[in-house]
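**Q** This is the structure I have questions about; it appears just below.
2 protein chains.
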Amino acid sequence: MQKIGKYEFIAEPFHCDFSGRMFLGHLGNQMLNAADFHSTDRGFGMKYLMTINRSWVLSRLAIEVNEMPTQYEHFTIETWVESAMRFFTSRNFCVTNGNGHICGYGRSIWAMIDTETRQPTDIYSIDNAAIKNWIVDDRPCPIEKGGRVRMSVNVELVKTIQVTYNDIDINGHVNSVKYIEHVLDLWDIAWYGKHRLKRFEIAYVAESHYGDLLDFYLEQTAESEYCVRLAKTEVPTGNQVEVCRCKLLFVQ
Amino acid sequence: MQKIGKYEFIAEPFHCDFSGRMFLGHLGNQMLNAADFHSTDRGFGMKYLMTINRSWVLSRLAIEVNEMPTQYEHFTIETWVESAMRFFTSRNFCVTNGNGHICGYGRSIWAMIDTETRQPTDIYSIDNAAIKNWIVDDRPCPIEKGGRVRMSVNVELVKTIQVTYNDIDINGHVNSVKYIEHVLDLWDIAWYGKHRLKRFEIAYVAESHYGDLLDFYLEQTAESEYCVRLAKTEVPTGNQVEVCRCKLLFVQ
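From first to last, the protein sequence lines stand for chains A and B.
Going by this note's numbering, the first sequence opens with residue 6, and the numbers climb by one from there.
Going by this note's numbering, the second sequence opens with residue 6, and the numbers climb by one from there.
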């Protein structure tokens, strides 16, 4: 079996936006599917991990897009493990459209947790560190790694939403892709008519649950660069807890 | 080519709810994909219709589910044309899981419009009424047809949301599946923990657009039966315009 997995997808009509280009959330979802297919085929996928009370948890995701697949377009996602340490592994993605053009790249960082204690566990403990056999060190991923998203302390609260039934996945948390969608909903159609999202980066900090109120804090950090902090309010204490941070780079 | 089309899908993890069963919105989306594959393969799909300024418009959809596909489960959707008249055609669906159990059925009614005038056009005008060659009259679809959703005049307004970027499809309208998701979000997780959605029926009345405020009016019409009317407020006049009506039947 090849170290790099390659999976085919199609840009479904209802997964495309008003301009006919695929929503970034759906591209992110297909990257996560590709990651799941790749790891399942190689013996360390979610389905197997569930049987031993382990789970992959997405910690960071960065996506850069040059040319988003358009309605009905076939595209492939290649994915491979770039590195694996005891508590984190990094996995990269390359998206290519039907004409062989590279649409974009992705970088992700994953931890593994014990699903009962919700604590990080040793990735090397799975099948005698088998993941190390799948590391690809000669395939470049020419986009920047996700870094710390730096934001000011006092940033404008621009929106609050309540978590609903459709946000929640089998773990009882808001799913990773829904955060991306909610953040992208902060900009209006007119903005997307004039700007293209070139890079989206998200760092997951804490989980949020059904009924939580999610506050969106927005800061413009450079020309066409915006950072968003999501926070939830804990019910008994009223404390604000950071849920995730995002950085978006638009181009005209 | 067979008159009945059969397409394979998988219940993706992020398309499943807290209980591990696929969200009804995603099942609806896959039915619409199956419809598109089937009609495309037979010469009257959306992609071809776009080239002649025509489009299918979904008028009604009813889905009945006995056993929703669960996370990672493979399932197939069969779809066929039940009847075709000048201004409406009906298309049915049968969903079968990996074990060969029938998960459920769907019924849909479609009109064809001129994409420039937005007026209904003659379905028979496409390729000399070719659709009539694909009618299947010997395959039953053992669920009730969608009927008129009867509601009282004065019904409680339970929620208002604003249409966002992720709701809008290439036609500039809220996509058909998003209405289903927004309606299902009216019930909380605790309800879905105790009840299973057996039947969902939606009749589309008018299109809604970016920025519209959607009002959700809810009425309980029988034990475990609920009807929902969605209305938007037109900006210049302040008139309420009905967007769609839904009927939901839950079982315990």
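Every residue gets a Cβ at the ideal spot worked out from N, C-alpha and C, and that includes glycine.
I want to verify the contact list: residues of chain B whose CB lies under 8 Å from the CB of A:M17, in sequence order.
**A** Checking the sequence shown, residue 17 of chain A turns out to be Glu, not Met. The answer, in chain order, is N34, N38.
**Q** Hey, how far is the Cα of B:D2 from the Cα of A:E239?
**A** The requested residue 2 of chain B is not part of the displayed model; chain B covers only 6 to 257.
**Q** Cα separation between A:V179 and A:V100?
**A** When rounded, the distance between both Cα atoms is 26 Å.
**Q** Within this structure, are the beta carbons of B:K203 and B:V70 separated by less than 8 Å?
**A** Contact flag set, yes.
**Q** Any C-beta of chain A sitting closer than 8 Å to the C-beta of B:T120?
**A** No, because no Cβ of chain A sits closer than 8 Å to the Cβ of B:T120.
**Q** In chain B, which residues lie with their C-beta within 8 Å of the C-beta of A:C21?
**A** Residues of chain B passing the Cβ test: D174, I175.
**Q** I believe A:F205 touches A:L29 by the beta-carbon criterion, under 8 Å. Please report the beta-carbon distance rounded to the nearest angstrom.
**A** At roughly 6 Å, the Cβ-Cβ gap stays under 8 Å, so A:F205 and A:L29 are in contact.
**Q** Going by DSSP, what residues sit across from A:V70 in a beta bridge?
**A** According to DSSP, which records beta bridges pairwise, A:V70 is partnered with A:G109.
**Q** Considering only residues of the stretch 22 to 101 of chain A, which uninterrupted alpha helix (DSSP H) runs meet the minimum length of 4 residues and lie entirely inside it, listed in chain order?
**A** DSSP runs (the alpha helix (DSSP H)) wholly in the stretch 22 to 101 of chain A: 29 to 46, 51 to 56.
**Q** Who are the neighbours of B:K203 on chain D, taking C-beta pairs under 9 Å?
**A** Among the chains of the structure shown, chain D does not appear; the protein chains present are A and B.
**Q** Roughly how far, in whole angstroms, is the beta-carbon of B:I185 from the beta-carbon of B:I207, given that I think they are within contact range, below 8 Å?
**A** B:I185 to B:I207, Cβ: 6 Å. Contact.
**Q** Below 8 Å, how does it come out for the stretch 52 to 64 of chain A and the stretch 95 to 111 of chain A: are there three or more Cβ pairs, yes or no?
**A** Output reads no: the stretch 95 to 111 of chain A does not touch the stretch 52 to 64 of chain A.
**Q** In its own chain, which residues sit with a C-beta less than 6 Å from the C-beta of A:E83, not counting the 5 before and 5 after it?
**A** I9, K11, C99, listed in sequence order.
**Q** Counting only Cβ pairs nearer than 8 Å, list the residues of chain B close to A:T165.
**A** Residues of chain B passing the Cβ test: none, with the nearest at roughly 13 Å.
**Q** Just curious, the beta strand (DSSP E) that A:A227 is in, first and last residue?
**A** That run of the beta strand (DSSP E) goes 218 to 227.
**Q** Got a sec: is the Cβ-Cβ distance from A:Y170 to anything in chain B below 8 Å?
**A** Taking Cβ atoms only, chain B reaches closer than 8 Å to A:Y170, which makes this a yes.
**Q** Using the rule of at least 16 other Cβ atoms within 10 Å of the residue's Cβ for burial, across every protein chain shown, is A:S157 buried or exposed?
**A** Answer is exposed; the Cβ neighbour count stays below 16.
**Q** Thinking C-alpha only, which one of B:R26, B:F19, B:M6, B:S64 is nearest B:S181?
**A** That would be B:S64, whose Cα lies nearest to the Cα of B:S181.
**Q** Compute the Euclidean distance between the alpha carbons of A:A16 and B:M6, then round it to the nearest angstrom.
**A** Cα-Cα distance, rounded: 25 Å.
**Q** State the beta-bridge partners of A:E247 as determined by DSSP.
**A** Per DSSP, A:A236.
**Q** Beta-carbon within less than 8 Å of A:L191's beta-carbon, same chain only, minus the 5 sequence neighbours each way: which residues are those?
**A** Only V163, K164, F221, L223, V233 meet the Cβ criterion.
**Q** If you draw a straight line from the alpha carbon of B:E121 to that of A:K137, how long is it in whole angstroms?
**A** Whole-angstrom Cα-Cα distance: 57 Å.
**Q** Check whether chain A comes within 8 Å of B:K52, counting only Cβ atoms and requiring the distance to be less than that.
**A** Yes, because at least one Cβ of chain A sits closer than 8 Å to the Cβ of B:K52.
**Q** What span of residues does the alpha helix (DSSP H) with B:Y215 cover, start to end?
**A** Looking at the DSSP string, B:Y215 is not in any alpha helix (DSSP H), and its letter there is neither H nor E.
**Q** For A:Q76 and B:C21, I'd like the C-alpha separation in whole angstroms.
**A** Between A:Q76 and B:C21, the C-alpha separation is close to 24 Å.
**Q** Could you say which of A:L189, A:Y197, A:A89, A:Y170 lies nearest to A:S259 if we only look at CA atoms?
**A** Nothing about residue 259 of chain A can be reported from this structure: the residues present for chain A run from 6 to 257 only.
**Q** Grab me the residues of A:H31's own chain with a C-beta within less than 6 Å of its C-beta, minus the 5 sequence neighbours each way, in chain order.
**A** Closer than 6 Å at Cβ, skipping near neighbours: H20.
**Q** Which of the residues in the stretch 221 to 244 of chain B, read from start to end, lie with their CB under 8 Å from any CB of chain A?
**A** Within the stretch 221 to 244 of chain B, no residue qualifies.
**Q** What's the gap between the Cα of A:T81 and the Cα of B:N34?
**A** When rounded, the distance between both Cα atoms is 21 Å.
**Q** DSSP on A:A2, reduced to helix/strand/coil?
**A** Here chain A covers residues 6 to 257 and nothing more, so residue 2 of chain A does not appear.
**Q** I need the straight-line Cα distance from A:Y231 to A:R250, nearest angstrom please.
**A** Rounded to whole angstroms, A:Y231 to A:R250 spans 11 Å at the Cα level.
**Q** Round the Cβ separation of A:R91 and A:D127 to the nearest angstrom and send it over; I've been treating them as touching at under 8 Å.
**A** Rounded, the Cβ-Cβ distance is 5 Å, consistent with contact.
**Q** Quick one: which chain A residues come within Cβ less than 8 Å of B:E87?
**A** The contacting residues do not exist; B:E87 stays about 23 Å from chain A at best.
**Q** If the cut is a Cβ gap below 8 Å, which residues of chain A does B:W192 touch?
**A** Here the neighbours are Y170.
**Q** So within the stretch 110 to 182 of chain B, which uninterrupted alpha helix (DSSP H) runs reach at least 4 residues, ignoring any that extend past its ends?
**A** If we require 4 residues or more, the stretch 110 to 182 of chain B turns out to have no alpha helix (DSSP H) run fully inside it.
**Q** Compute the distance between the beta-carbons of B:G111 and B:I140, then report whether it is under 8 Å.
**A** Going by C-beta atoms, B:G111 is not nearer than 8 Å to B:I140.
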